[in-house]
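Residue numbering for the sequence shown follows the working numbering, starting at 73 and increasing by one per position. Don't be surprised by glycine CBs; every beta carbon is placed ideally from N, CA and C. What follows is a short report on a single structure.
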Amino acid sequence: MDQRKERRLNLELLVRIWGVDRMARPFAEMVRVRNISNRGAVLIGVRSKVQTGEVLDVQYGPARAQFRIVWMSLSGEAGIQALAMEPPVFSVSTGIGIPKVFEMVGTG
């Protein structure tokens, strides 16, 4: 049984990310996100040299917020969590800005 605190959506969306990589160079790229909640997501296809603990900006449509990288994989995936006072980028609870076709992952 799913013990998560927030609803998550099993869908992929294209987002823009930017920040400073571990070599102190600015970067910006388009990546996909999946397993989306109001406060976090999984980035897919990250090419920049980022690491756990770094902060990056994520933009989906006009919505934008800062997220901290909480885990990284060698395959270019990264788990991100919104900083404390940031507004929800994906609005999972209201569905605003989210495509109408999706599959619920959990309600925990």
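When DSSP reads this structure, Glu101 sits in a beta bridge with Ile89. Per DSSP, Leu155 lies in no beta strand (DSSP E) segment and is marked neither H nor E. Here Val114 carries a strand assignment [DSSP, helix/strand/coil].
When the alpha-carbon of Ile108 is set against those of Pro159, Arg94, Val122, Ile152, the nearest one is in Ile152. Annotation for Leu81: the continuous beta strand (DSSP E) segment containing it runs 80-82.
Taking the Cα of Asn82 as reference, the smallest distance to any Cα among Glu101, Arg88, Leu115 is reached at Leu115. Arg136 places its beta carbon 9 Å or farther from that of Val142.
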